[in-house]
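First up is the structure itself, then whatever we jot down about it.
In full-length UniProt numbering, the protein residues as written are 1 to 307.
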């Protein structure tokens, strides 16, 4: 593998990682504050992608599509929290899993009914299309760099929100002691709705950004949701810092593994197709091996609080 190819794959892994962070951050916020397992989080990712594709196609404006994705996912999240999720906080996790799994089916069939079964496509805006030349003569797509910058900017904004604002103080207090903040006069129901809508907006933003480099279709959120769960388990449930570090680890290990392992096996296997098959299969297992190792060594995750 050449140095240029390696750097390109590192950038691809970083882009994949920041997208995962947008998903995992909302997921870990909801679980940390509310103690809720939300399997429907991937559906909010899908809603953001469909909203962005529809509005962008209708207006010809990618920025409006991105704003529509944030708004649509946040509103869907708020409605779901008020209508369904609010009744699950005091139920056990099995009830939460069953109810949010039902929401996946409802969102999937509802999206298919509104938009049809055929995928939509979100065009990359002209100013973000094409490659850019990086130091060292590396050519890399401008849009992927845009995703990296946007993801890092949102991560910095989210860290500031949690650490420096009144809402962030309430969120951190809600993670530590829900009964106490309710006793202090904070409207816990309103706080839960805001947190759920914030997590939904982050998922919708991830869907909108990725929708321009892959097709927008029903069910696109579920594979990403699985990786987001792996991310927060590695980083530590309830930790934004853990979600960020875990997402970057998953993104880099998955991307570099899929590129490098087939080359490694190809160096000593005569059958090139077999080497690619074995290398790709092992690469797809790497993040789960990492998750298992973290759970064995540190069950609460890298940055999670000990039970």
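Glycine included, C-beta positions come from ideal geometry on N, C-alpha and C.
(message) Suppose only complete runs of 3+ residues qualify. What are the beta strand (DSSP E) ranges in the region 92-179, listed by chain order?
(response) Runs of the beta strand (DSSP E) lying entirely within the region 92-179 and spanning at least 3 residues, in chain order: 131-134 and 138-141.
(request) Can you tell me which of the three DSSP states residue 216 falls into? (result) For this step, residue 216 is matched to residue 216 along the chain shown. Residue 216 sits in a strand when the DSSP states are folded into three classes.
(request) Indicate the three-state DSSP secondary structure (helix, strand or coil) for residue 280 in the structure shown. (result) Position 280 of the chain shown, counted from the start, is the residue given in the question as residue 280. Correct three-state label for residue 280: helix.
(request) Tell me whether the beta-carbon of residue 12 lies closer than 9 Å to the beta-carbon of residue 85. (result) Reading the chain shown from its first residue, position 12 is the one you call residue 12. Reading the chain shown from its first residue, position 85 is the one you call residue 85. It is not a contact, given that the beta carbons lie outside the stated cut-off.
(request) In the DSSP assignment, find the unbroken alpha helix (DSSP H) run with residue 15 in it and report its ends. (result) The residue you call residue 15 lines up with position 15 of the chain shown. Counting along the chain, the alpha helix (DSSP H) containing residue 15 begins and ends at 3-34.
(request) Determine the contact status of residue 62 and residue 120, defining contact as a CB-CB distance below 9 Å. (result) Residue mapping note: residue 62 aligns to position 62 of the chain shown, counting from 1. Residue mapping note: residue 120 aligns to position 120 of the chain shown, counting from 1. No.
(message) Below 8 Å on the Cβ atoms is my contact criterion, and I expect residue 69 with residue 204 to pass it. Report the Cβ-Cβ distance as a whole number of Å.
(response) In the chain shown, the residue the question calls residue 69 occupies position 69. In the chain shown, the residue the question calls residue 204 occupies position 204. Residue 69 to residue 204, Cβ: 5 Å. Contact.
(message) Can you check which of these residues, 192, 15 and 46, is closest to residue 219 by C-alpha distance?
(response) Mapped onto the chain shown, residue 219 falls at position 219. Taking only the C-alpha atoms, the option nearest residue 219 is 46.
(message) For residue 237 and residue 32, I'd like the C-alpha separation in whole angstroms.
(response) Counting from 1 along the chain shown, the entry for residue 237 is found at position 237. Counting from 1 along the chain shown, the entry for residue 32 is found at position 32. For residue 237 and residue 32, the distance between alpha carbons rounds to 7 Å.
(message) Would residue 295 and residue 233 be called neighbours here (beta carbons separated by less than 9 Å)?
(response) Taking the chain shown and counting its residues from 1, the one referred to as residue 295 is at position 295. Taking the chain shown and counting its residues from 1, the one referred to as residue 233 is at position 233. Yes, Cβ-Cβ distance for residue 295 and residue 233 is below 9 Å.
(message) If you follow the alpha helix (DSSP H) that residue 192 is in, where does it begin and where does it stop?
(response) Translated into the one-based positions of the chain shown, residue 192 becomes position 192. Taken as a continuous stretch (DSSP letters only), the alpha helix (DSSP H) holding residue 192 covers 188-210.
(request) For my contact list, residue 55 and residue 64 are in at a C-beta cut-off of 8 Å; report their separation, rounded to the angstrom. (result) Counted from its first residue, the chain shown places residue 55 at position 55. Counted from its first residue, the chain shown places residue 64 at position 64. Right, their Cβ atoms sit about 6 Å apart.
(message) Contact criterion: CB-CB distance below 9 Å. Does residue 274 meet it with respect to chain C?
(response) The question asks about chain C, but that chain is absent: this structure has only one protein chain.
(message) What would DSSP say about residue 244, mapped onto helix, strand or coil?
(response) Stepping through the chain shown from its first residue, residue 244 is reached at position 244. DSSP, read as helix, strand or coil, puts residue 244 in helix.
(message) Considering only the alpha carbon of each residue, which of 110, 297 and 261 lies closest to residue 284?
(response) Residue mapping note: residue 284 aligns to position 284 of the chain shown, counting from 1. Taking residue 284 as reference, the option from 110, 297 and 261 with the minimal CA-CA separation is 261.
(request) Measure the C-alpha to C-alpha separation of residue 140 and residue 154 and round it to an integer number of angstroms. (result) Sequence index remark: in the chain shown, residue 140 carries index 140 (1-based). Sequence index remark: in the chain shown, residue 154 carries index 154 (1-based). Straight across, the Cα-Cα distance linking residue 140 with residue 154 is about 22 Å.
(request) Pick helix, strand or coil for residue 271, following the three-state DSSP scheme. (result) Here residue 271 is taken as the residue at index 271 of the chain shown, counted from 1. Here residue 271 sits in coil by DSSP.
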